[in-house]
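I have placed the structure first, in the form of structure tokens, so that the comments after it can refer back to it.
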Amino acid sequence: KQEVTQIPAALSVPEGENLVLNCSFTDSAIYNLQWFRQDPGKGLTSLLLIQSSQREQTSGRLNASLDKSSGRSTLYIAASQPGDSATYLCAVPNTNAGKSTFGDGTTLTVKP
Amino acid sequence: ETGVTQSPTHLIKTRGQQVTLRCSSQSGHNTVSWYQQALGQGPQFIFQYYREEENGRGNFPPRFSGLQFPNYSSELNVNALELDDSALYLCASSSGTSGYNEQFFGPGTRLTVL
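These protein sequences, in sequence, are chains B and Z. All residue numbers for the first sequence refer to the numbering used here, where the first residue is 18 and numbers rise by one. All residue numbers for the second sequence refer to the numbering used here, where the first residue is 491 and numbers rise by one.
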């Protein structure tokens, strides 16, 4: 059974700092890994999808890496801004994209 | 292209009642998955519908049931509501059941059971 862990549970940084969020998974036989952003009480916004054959994906100030062999993914946020404050979740599908296992998220606060 | 929509946004029910939540999938998507997200936790998979048939269920009791319609929209029904059913209910659509597909989520329905 796949288990997904995100550490730390919460992170507070000053504006402008670069930061890394971590996601670990126990079963390395994955299809892809998806990073989401969730604002309080809202739905999930897809940030990046890394296929199992890829090592990293980039979108603007975000860069996600994937190391299947070690069961780890990182989300790097460059030059953080207060608008980046949110909870970031990673999800790993089982054999089916719609049956994903999620971590509990890292809640990021970027202070002006 | 229309994204995933859910209704209602918020709902308050009392213990023992029944509730129906609705989800419209993104255009071109034939697969809808439902998740329950308790406060401070990641979403938990409830079940999935693919081409109007249930295609897998998570660890949820039978009082959680669903439907998918020919236009691929979906309903989640919960009978005999319990206090622990209070959560954010999310639906996600994708273009198929492959593990390689990307999921797109709706804004969620916040259910409060009193």
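Just so you know, even glycine gets a beta-carbon here, dropped at the ideal spot from N, CA and C.
Which of the residues in the region 41–55 of chain B, read from start to end, lie with their CB under 7 Å from any CB of chain Z?
Y48, N49 and Q51
Run of the beta strand (DSSP E) containing T126 of chain B, from where it starts to where it stops
Its beta strand (DSSP E) spans residues T123 to K128.
Pick helix, strand or coil for P99 of chain B, following the three-state DSSP scheme.
helix
In three-state terms, what does DSSP make of T56 of chain B?
The identity of residue 56 of chain B in the sequence shown is Asp, whereas the question assumes Thr. It is coil, neither helix nor strand.
How long is the line joining the alpha carbons of F550 of chain Z and G33 of chain B, rounded to whole angstroms?
So the alpha carbons of these two residues sit roughly 43 Å apart.
Give a yes or no on whether 7 Å exceeds the smallest Cβ distance from P110 of chain B to chain Z.
Against chain Z, the CB of P110 of chain B has a partner CB under 7 Å away; the residue lies at that interface.
Cβ of L127 of chain B within 7 Å of Cβ of V30 of chain B?
According to the sequence displayed, residue 127 of chain B carries Val and not Leu. Yes.
Using CA coordinates, which residue listed in B:S87, B:G58, B:D101 and B:Y48 is at the minimum distance from V37 of chain B?
By alpha-carbon distance to V37 of chain B, the top candidate from B:S87, B:G58, B:D101 and B:Y48 is B:D101.
Quick check: is the beta carbon of G77 of chain B nearer than 7 Å to any beta carbon in chain Z?
Not an interface residue.
Identity of the residues DSSP links to A26 of chain B by a beta bridge:
DSSP lists no partner for A26 of chain B.
Amino acids of chain B, ordered along the chain, whose beta-carbon sits closer than 7 Å to that of P551 of chain Z:
Neighbours of P551 of chain Z on chain B: none; closest Cβ ~18 Å, over 7 Å.
Given F595 of chain Z as reference, the closest of B:S70, B:W52 and B:S41 once Cα atoms are compared:
B:W52
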